[in-house]
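What follows is a single structure, written as structure tokens, with notes after it.
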Amino acid sequence: MSEGAVEKALVVLEALAEHSRITELARVTGLPKSTVHRLLRTLIEQGFAVATGESDYRIGPKVLVLAGNVLQPADSVERARPVLTRLQASTGCAVHFAMLLGEELVYVDKVESGKPYRMTSRIGGTLPLHSTAIGKSVLSTRDTSTVDTTRWTQYTITDPDRLRAQLARVRSCGFAVDDQENELGVRCVGAAVRNHNGMVIGGISVSTLALEHTVAELIALGPHVVRAANDISAALGHQR
Numbered sequence: 001m002s003e004g005a006v007e008k009a010l011v012v013l014e015a016l017a018e019h020s021r022i023t024e025l026a027r028v029t030g031l032p033k034s035t036v037h038r039l040l041r042t043l044i045e046q047g048f049a050v051a052t053g054e055s056d057y058r059i060g061p062k063v064l065v066l067a068g069n070v071l072q073p074a075d076s077v078e079r080a081r082p083v084l085t086r087l088q089a090s091t092g093c094a095v096h097f098a099m100l101l102g103e104e105l106v107y108v109d110k111v112e113s114g115k116p117y118r119m120t121s122r123i124g125g126t127l128p129l130h131s132t133a134i135g136k137s138v139l140s141t142r143d144t145s146t147v148d149t150t151r152w153t154q155y156t157i158t159d160p161d162r163l164r165a166q167l168a169r170v171r172s173c174g175f176a177v178d179d180q181e182n183e184l185g186v187r188c189v190g191a192a193v194r195n196h197n198g199m200v201i202g203g204i205s206v207s208t209l210a211l212e213h214t215v216a217e218l219i220a221l222g223p224h225v226v227r228a229a230n231d232i233s234a235a236l237g238h239q240r
């Protein structure tokens, strides 16, 4: 499909949200009926439109799936926000919430510590699984027969067997620690978050400067992070 055809198909799809008849679609889009009909056939083939009668159409299931994928993170962030705020207040550290969008782990919310500095992380940014606290929490629930061990800092765990051993400990205690493995000078402790089906959809973490907290102090915060992650999971409908 050419760029012009794609643009016309999107115009028809947008109009289809409010109009169902070909005559109406042609009128509001300014396209010939024959063009609208042809584009609708393509949209139907791809699941973006459905024929409900002669010359009558509606939005197809593919659009609803895409909308659900967009709205899920937004709804999850809204439900998680009070828990994230409480966790930040109780720890004095920056708090992150990241979700799996496809195979990418993406930051969807962040509560800063209120200290003079800010973490370099940004909403919409991706993070690796093997070198971050949230990532390792997620990775600990997966098959780890093959794992990425890309080195990000001198502290990144690049030995697959050592990483698997650490993931086993994460499964046991419920939280993971990132000791400057993804970013020099930054330490984090994180735990996984599950949805109503019990599926791991991401996780949360507490982040601080290595100068401010030792690894032992972060480990002591681990149970608090796990409780917060469980509270978010419960808010998303997960029953333990």
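Using UniProt numbering, the first residue of the sequence shown is number 1, and each one after it goes up by one. All C-beta atoms in this analysis are idealised placements derived from N, C-alpha and C, irrespective of residue type, glycine included. Since this is a predicted model, take the numbers as computed values, not measurements.
Annotation: Thr158 to Val138 spans about 18 Å, alpha carbon to alpha carbon.
Inter-residue distance for Asn195 and Gly185 is about 32 Å (C-alpha atoms, whole angstroms). Collapsing the DSSP output to three states places Cys173 in a helix. Ranked by Cα distance from Ser90, the first of Ala220, Gln239, Ser233, His238 is Ala220. Pro160 and His37 have their C-alpha atoms spaced approximately 55 Å apart. Restricted to the region 114 to 182, the beta strand (DSSP E) segments that are unbroken, complete and at least 3 residues in length are 176 to 179, listed in chain order. In this structure Asn182 is buried. Its beta-carbon is surrounded by 16 or more other beta-carbon atoms within 10 angstroms. Counting the other Cβ atoms within 10 Å of the Cβ of Met199 gives fewer than 16, which makes it exposed.
Residue burial annotation: Val6 is exposed, with fewer than 16 other C-beta atoms found within 10 angstroms of its C-beta.
DSSP, read as helix, strand or coil, puts Thr214 in coil.
For Gly222, the secondary structure class from DSSP, reduced to helix, strand or coil, is helix. If the five residues before and after Met99 are omitted, its C-beta is found closer than 7 Å to the C-beta atoms of Pro73, Ser76, Val106, Val108, Ile201, Gly202, all from its own chain and listed in chain order. Judged by DSSP in its simplified three-state form, Glu24 adopts helix. Under DSSP, Ser90 shares a beta bridge with no residue. Gly125 and Ser55 have their C-alpha atoms some 44 Å from each other.
Residue environment analysis places Leu43 among the buried positions, since at least 16 neighbouring C-beta atoms fall within 10 angstroms of its C-beta. Annotation: Lys136 to Glu112 spans about 22 Å, alpha carbon to alpha carbon. If you draw a straight line from the Cα of Leu10 to the Cα of Thr29, it comes to about 10 Å. With a cutoff of 9 Å on beta-carbon distance, Gly222 and Ala192 are scored as not near each other. Within the same chain, Cβ atoms closer than 8 Å to the Cβ of Thr23 are found at Lys33, Ser55, the five residues on either side in sequence being excluded. One thing to note: Thr141 has its Cβ within 9 Å of the Cβ of Arg171.
About 11 Å separates the beta carbons of Ala133 and Val95, which is beyond the 8 Å limit, so they are not a contact pair. Here Asp148 is near Pro128, since their CB atoms are less than 9 Å apart.
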